[in-house]
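A short write-up of the structure that comes next.
Residue numbers (our numbering): 55 to 420.
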């Protein structure tokens, strides 16, 4: 059995209040009065108080750091210029989260497998090799890159780590998930871009996964990965998309996504639990990716959960926004560090949603 030993997180220096981002949007886009009212309502209902970005311009208090990246609405920032910012920051964020994750438990040289996760930037050599060099990982390490899967990708990486540890009991797998979503801000007034600009933020999270043999040997505690499950709903293929363009990555986010999640969440939970012969009543902790407030609300309603059952997800959404792939690891970290009783078996159900429409889940336990 594989065990998630620890999770470390990292965010950029610039912490923006949601109301400051709203004011930035109004000042930049000069919306009509009706559009301004709509923006105000959307931001007030977002469930988000703060978001982090590698860019300072979303808050007036960071004026001395201003980069003027989006000042000219008529000339959108090019994909090349956006990728330069990604490469400047992604590796640093990943390195910081990985350092916090290991926290002296083992040296970087002892890591046998590296799985990097990102969908907001690409290059070759990429994030994996940068982390190897900067973190001092073994140059013969096994590497896997998970790209462009979006918000559920960290769960997919955990699934790969689980398979690795089951095949090699001596494996010590480091997952590093990094997203710099805000560099793909599009200065346009349409629902896809308004929604993306409302939700997304920057952050990184790393997880250390090993076999139970290694965990017992080193007296490590954590969350055991019991099983995973994934399904794709093709009828949602056009409702969530992420396309490259000369002016950055273009996001499609339809308001139908919460309805798709609502229709599929019960089956997702049941199929995941059936693999371990467990019942929904046995789930103690819910680590749901907070893709947005409405997604959490429809899941809460459909599964008849209390607000407290999703407190970790609501808290991450409130304080960080949606950072895409690392976000569910933030939720799992809160549960692992603050809520999980490692002296008893407590079930943790984790889920994330992304392009496809893909619904990815995992059952873990203390």
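For glycine and all other residues, C-beta sits at the position ideal for the given N, C-alpha and C.
Backbone CA spacing between residue i and residue j [nearest angstrom]
i	j	result
residue 217	residue 243	44 Å
residue 97	residue 371	13 Å
residue 415	residue 155	22 Å
residue 222	residue 377	32 Å
residue 118	residue 381	29 Å
residue 70	residue 112	7 Å
residue 227	residue 235	25 Å
residue 178	residue 352	40 Å
residue 349	residue 315	7 Å
residue 84	residue 91	12 Å
residue 309	residue 343	17 Å
residue 195	residue 58	19 Å
residue 167	residue 100	38 Å
residue 410	residue 303	17 Å
residue 67	residue 387	21 Å
residue 182	residue 232	11 Å
residue 424	residue 60	Nothing can be reported for residue 424: it is not among the residues displayed for the chain, which extend from 55 to 420.
residue 262	residue 88	48 Å
residue 317	residue 116	43 Å
residue 208	residue 95	31 Å
residue 259	residue 165	16 Å
residue 277	residue 390	7 Å
residue 290	residue 283	18 Å
residue 175	residue 74	26 Å
residue 225	residue 215	9 Å
residue 139	residue 153	22 Å
residue 332	residue 322	13 Å
residue 141	residue 325	39 Å
Contacting residues, own chain, Cβ-Cβ under 7 Å from residue i (five flanking each side not counted)
i	result
residue 280	330, 417, 418, 419
residue 360	none
residue 295	306, 409
residue 184	145
residue 246	305, 306, 307
residue 220	56
Residues near residue i in its chain [Cβ-Cβ closer than 6 Å; skip 5 each side]
i	result
residue 127	Interpretation of residue 127 is limited by its pLDDT of 47, a score under 50 that renders its predicted location unreliable; no figure is taken from the coordinates.
residue 211	169, 171, 200, 229
residue 412	206, 286
residue 312	348, 349, 352
residue 105	70, 255, 375
residue 406	205, 206, 209, 343, 382, 414
residue 197	168, 182
Cβ-based burial, residue i [other Cβ within 10 Å; buried from 16]
i	result
residue 65	buried
residue 72	buried
residue 395	exposed
residue 298	exposed
residue 379	buried
residue 358	exposed
residue 213	buried
residue 288	exposed
residue 55	exposed
residue 137	buried
residue 186	buried
residue 107	buried
residue 354	buried
residue 300	exposed
residue 161	exposed
residue 151	buried
Chain-order list of residues whose beta-carbon lies under 8 Å from that of residue i (same chain, five-residue window excluded)
i	result
residue 93	76, 79, 80, 85, 248
residue 159	59, 60, 262, 272, 274
residue 320	356, 357
residue 293	306, 307, 308, 310, 311, 314, 411
residue 157	60, 62
Item checked: Complete beta strand (DSSP E) runs within the region 328-391 (minimum length 3 residues, chain order) -> 337-342
Checklist line | Cβ contact check for the region 245-257 and the region 267-278: 3 or more pairs under 8 Å | finding: no
Check: Is there contact here, the region 185-198 with the region 352-368, by at least three beta-carbon pairs under 8 Å?
Finding: no
Item checked: Segment contact flag, the region 325-343 with the region 391-406, C-beta cutoff 8 Å, min 3 pairs -> yes
Margin query: Which complete beta strand (DSSP E) runs does the region 165-213 hold, if anything under 3 residues is left out?
Written below: 167-172, 196-201
Checklist line | Segments assigned beta strand (DSSP E), at least 3 residues, entirely inside the region 224-267 | finding: 226-234, 256-265
Check: Considering only residues of the region 64-152, which uninterrupted alpha helix (DSSP H) runs meet the minimum length of 4 residues and lie entirely inside it, listed in chain order?
Finding: 72-83, 87-98
Checklist line | Continuous beta strand (DSSP E) assignments of at least 3 residues falling wholly in the region 270-313 | finding: 277-286, 294-299, 302-307
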